[in-house]
Amino acid sequence: MKKRATGAPASDFSLRAMVYDPKIRSIFFQVSTAIIFVILVWMISHNVAENLARSNTASGFDFLKRRAGFDIGDSLIPYTADSSYGRAIFVGFLNTLLIAAIGIVTATIIGFLIGLGRLSHNWLISRLCTVYVEIFRNIPPLLVIFFLYKGVLGVLPNVKDSLEIPGVHIFLNNRGLVFPKAVWGEGSVWIAIAFAIAVVASLLIRRWSYKRQMATGQQFPIFKVAAGLIIGLPLLVFLVLGAPLSFDIPQGGRFNISGGSSILPEFFALYIALSLYTGSFIAEIIRAGIRGVPKGQTEAATALGIQPSTTTRLVVVPQAMRIIIPPLTSQYLNLTKNSSLGIAVGFPDLVATGGTTLNQTGQAVEVVLIWMVVYLSLSISSSLFMNWFNAKMALVER
Amino acid sequence: MSNTSPHYVRSEMLTPLPPPSSDASAAAWVRKNLFASPKDTVLTLLGALLLILVLPGMINWLFIQATWTGADRSVCATLVQGGTQPDGWSGACWAFVGDRFQQFIFGRYPIEERWRPILVGITLIALLVPILIPKLPRKGLNALLLFVVFPVVAFFLLSGGYFGLSHVETPFWGGLMVTLILSFVGIAVSLPLGILLALGRRSQMPVIKTLCVGFIEIIRGVPLITVLFMANVMLPLFLPTGWTIDNFFRALVGVALFASAYMAEVIRGGLQAIPKGQFEGADSLGLSYWQKIWLVVMPQAIKLVIPGIVNTFIGLFKDTSLVSIIGMFDLLGVVQLNFRDPSWITPVTPLTGLIFAGFIFWIFCFGMSRYSGFMERHLDTGHKR
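Residue numbers (my numbering), protein chains in the order written: chain A, 11 to 408; chain B, 31 to 415.
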C-alpha cells in the first residue's frame, strides 16, 4: 500500500483529489466568503456615501460640538438647550446607567423574594408568587411601562391638588414625586471619608477574622462589627461636625412646586416596570438555582448538626450561586438594554437623546455607531466582570 | 405440625381505622400548608391581607362597575367629564374595546377586504394545529406547506394587486394581524438562519467563524430598538440610489435578524451538549457534513433546546410590540392610537385598552410556554442525564 502511494504521486495533484481535499475546500470556502463579504461591504459603503452626498448630509463627528437646542427633563449633570449634542448624548448615557443600576438592584430584590416565595411550603404564598411570575413573564415590558405610565400615574392629581404627606413635605402629583432635597453643609466631605474608612476597615477585619478562624477555629461576629462600623462611624462624624445637613423644602404653589428634588413620572414608570418585569425572570432563575442543589447536600449538613440558617448560608447558597450567576448576568444585561424602552414614554435615555439628535442632524450612521459602541462596551465589560466572578465562584475540583 | 392456629393468632382481620385526623381533614391541610409555623402564619395573613385589599377592588373595577356596551365616550365618562356616569365613578370601559375590536385586530385594513386576513388566519390555524399535534402524520409536507407555501400565498392575499385583488399597502396593515405577521416571519426566518449561524460559530474555518461571532455578538449586544432604528434609517442608505424599501419590511428585517442572533446562541447550546462521539460516529459512517448535521446532530440538539427555542419565540412575540415606537401600528400601537381618538377620550380608556392588549399578549405567550412544557415531556426519551 505504502509503495503504491509513493509510486503514484501524480494522482495527488489531480483535480479530483483537490476537490475532495478538506484543506483546499476549507480555503476555497473561506476565500469566497471573504470576497463576497468585502464586495458587500464595499457596495454598501459606496451606496451610503452616494446617498449621503445626494441628500447633502454632513458626515463625521463634528455635530457633537454643535448646539443641541432641545431640552431634557431628567439630567444628572447640568444641561440646557444651549449645550452641545455630545453633552445631550452623554446625559442620556448617564440616565441609562442610572436606571440600569437602580433597576438591577430592585429587580434582584424582587426576584429573590418571589423566587424564594415560590419555593415556600406555604400554599398561599407560593401560589401568589406563581401568579406574579406567570403574569409578568408573559406580557411585553413595553406594555408594563405604558400601563404604569398611562394607567397608574395618569390618575394622579394636578399640581394644585397634589397629594401631600403632611409633616415631611412630600408631594405627589402628575408631574412626579417631589421631596425635600438634602443640602449638605460644610465639612460633609469628612462624612464620606469616614464612610470610606469604615468600609475599608471592615474588609480588613473580615480578612483578619477569616485567617484567625482558619488557624484557631475561633469565630468572630464579623457582620455585627462591620455593620456597626459602617453605620456608626459616619454617624459619629456627622454628630461631631454638628449635623451639617439642611433640607431644601419644596413649597406648594398653584401651578408649580418650587424647590426640593423630584422624580419624574416617566422615570418612575420605567424604573418600576423594568424592575417588576425583570424581577419575574430573576425569580425563576433563583428558583431553578436553589432547586438545582441536590437535597443530599442539605441532609448531609443536617446530619453534621449544622443549623438550618447556617446550612442555607454556607452549603446551599454557594452551590446555587454557580447555577444562578450566568443567567443572572444576561438578565442584568437585558434590563440595561430594555431601559431603551424609556423612549416610548419620553424618558431621556441614550436611545432617546440619540434619536432626537438623529432626527435633527440626519447623521444616522454616526448616531447608530455611538449607540453600538456604548451598548457593546457595556455588555462586554459586564460579561467580563461576570466571567471573572463566575471563575471565582466555580467549583474547584481536584 | 398441627393445622390449627394457636389460640393467640387472630382468626379474622380487623376493620381498618380511619387515618389520623391530623393528616386527612381539611383543617389538617390548612394547618400543614398555611399555618405550619409562626412565620408561616404571619406570611399567610400578609398574603390574605394583600388579596383582600386588591382582589375585590380589581373585580369591582374590571367587571361590576365596568361599562359593557356603548357607542362613544359618554358611557365611560362621568357627568363632570361630559358623560352619563355618576361623579366619582370609575370602572373598565369594555365598550371601547367592543367598539374598536375590529381595528385592534385588522388595523386600518379596508373593511370590505377584511375577508382576506380572516382567510389567511384560518389557513394558518388549519396548517398550524396539525403540526403541533405530535400524533398526526405527514409532518414534512405539513411543514413545507406552512413555512414555504403559506407565506407566499399569505403575502399575495394580504398585499393584493394580483388576480383581481385590490392592492392594500402595508401602512394600512395593523393590529394583531401585524403582530402575528411579524412574529411568524421572525420565527420562520430565525430558526433556519439561527441554525446556520450556530453551525458557522462552531465551524473550523476562521473566516466564517469570525463573521458569525461578530454578527451574533453585535446584534445581541444592542437593544432591539436600536436594531429597528438601524433597519428603519440605515437600510434605505444601504440600497443603491433610487431603490426604496417598504417601512413594514424594514421592521421585518430588523426583527428577523435580531431573533436569529438569539436563536443561534440557543442552538449552539444544544450543539455543545452533543457528545463528540456522535460527530465521530457519523464521520466514520462516511456521511457528508450536511448529512451528519441533518441526520445525526440536529435532531438530538434541537430536542435538547426546545424550551430555549420556545422561550426565544415568546421573547420575539413580546418584542414585536416595539415596532410601535418606530411608528407602526401593531396591536399595542393601534390600542395606543385609539387613546387619542376624541370620540373615546376618557380617564379609564387607556387602562382598559392596555389591559385588553396585555391579555391578548398573555394568552399567546402563556399558550406557547405551556405547549413547550408538553413537548418537553412528550419528547423525553429517558436519556436525559
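Just so you know, even glycine gets a beta-carbon here, dropped at the ideal spot from N, CA and C.
Counted within 10 angstroms of its Cβ, other Cβ atoms place residue i as buried (16 or more) or exposed
| i | result |
| --- | --- |
| residue 409/B | exposed |
| residue 141/B | exposed |
| residue 53/A | exposed |
| residue 67/B | exposed |
| residue 37/B | exposed |
| residue 146/B | buried |
| residue 179/A | buried |
| residue 11/A | Confidence is the limiting factor: at residue 11/A the pLDDT is only 40, short of 50, which leaves the residue's position unreliable, though a coordinate-based value still follows. By the 10 Å Cβ count, residue 11/A comes out exposed. |
| residue 124/B | buried |
| residue 383/B | buried |
| residue 30/A | exposed |
| residue 387/A | exposed |
| residue 354/A | buried |
| residue 158/A | buried |
| residue 322/B | buried |
| residue 319/B | exposed |
| residue 192/B | exposed |
| residue 480/B | No information on residue 480/B is available, as it lies outside the stretch 31 to 415 that chain B covers here. |
| residue 262/B | buried |
| residue 237/A | exposed |
| residue 132/A | buried |
| residue 39/B | exposed |
Length of the line joining the Cα atoms of residue i and residue j
| i | j | result |
| --- | --- | --- |
| residue 167/B | residue 47/B | 53 Å |
| residue 100/B | residue 365/B | 18 Å |
| residue 405/B | residue 333/B | 9 Å |
| residue 367/A | residue 390/A | 26 Å |
| residue 350/A | residue 362/A | 7 Å |
| residue 129/A | residue 311/A | 20 Å |
| residue 176/B | residue 182/B | 10 Å |
| residue 252/B | residue 162/B | 33 Å |
| residue 238/B | residue 143/B | 47 Å |
| residue 329/A | residue 402/A | 12 Å |
| residue 249/A | residue 261/A | 28 Å |
| residue 197/A | residue 219/A | 33 Å |
| residue 375/B | residue 372/A | 35 Å |
| residue 176/A | residue 273/A | 19 Å |
| residue 311/B | residue 232/B | 18 Å |
| residue 60/A | residue 358/B | 28 Å |
| residue 396/A | residue 388/B | 34 Å |
| residue 402/B | residue 336/B | 7 Å |
According to DSSP, residues forming a beta bridge with residue i
| i | result |
| --- | --- |
| residue 183/A | 186/A |
| residue 257/A | 192/A |
| residue 201/A | Answer is none; residue 201/A lacks a bridge partner. |
| residue 205/B | 360/B |
| residue 137/B | 203/B |
| residue 77/A | 94/A |
| residue 174/A | 181/A |
| residue 339/A | In DSSP, residue 339/A forms no bridge with anything. |
| residue 123/B | 97/B |
| residue 273/A | 187/A |
| residue 108/B | 115/B |
Chain-ordered neighbours of residue i on chain B, where CB pairs are closer than 8 Å
| i | result |
| --- | --- |
| residue 336/A | Going along chain B, no residue has its Cβ under 8 Å from residue 336/A, so there is no contact; the nearest lies around 11 Å. |
| residue 144/A | 396 |
| residue 132/A | 63, 64, 66, 70, 73, 74 and 77 |
Contacts that residue i makes with chain A (C-beta to C-beta distance below 7 Å)
| i | result |
| --- | --- |
| residue 270/B | 57 |
| residue 351/B | 150, 152 and 153 |
Chain-ordered neighbours of residue i on chain B, where CB pairs are closer than 9 Å
| i | result |
| --- | --- |
| residue 385/A | 251, 252, 253 and 256 |
| residue 341/A | Those do not exist, as residue 341/A stays about 12 Å from chain B at its closest Cβ, beyond 9 Å. |
Residue nearest to residue i in terms of C-alpha spacing, selected from the options
| i | options | result |
| --- | --- | --- |
| residue 242/B | 38/A, 32/A and 43/A | 43/A |
| residue 137/B | 363/B, 395/B, 400/B and 385/B | 363/B |
| residue 299/A | 271/A, 204/A, 35/A and 335/A | 335/A |
| residue 1/A | 95/A, 57/A, 337/A and 102/A | The structure shown does not extend to residue 1/A, since chain A spans only 11 to 408, so no value can be given for it. |
| residue 313/B | 325/B, 302/B and 303/B | 325/B |
| residue 80/A | 112/A, 97/A and 295/A | 97/A |
Under 8 Å by beta carbon: chain A residues contacting residue i
| i | result |
| --- | --- |
| residue 248/B | 382 and 386 |
| residue 234/B | 36 |
| residue 244/B | Here the premise fails: no neighbours, minimum Cβ distance about 10 Å. |
Residue i: contacting residues in chain B (beta-carbon distance under 7 Å)
| i | result |
| --- | --- |
| residue 168/A | In chain order: nothing, as chain B lies at least about 13 Å away. |
| residue 47/A | 241 |
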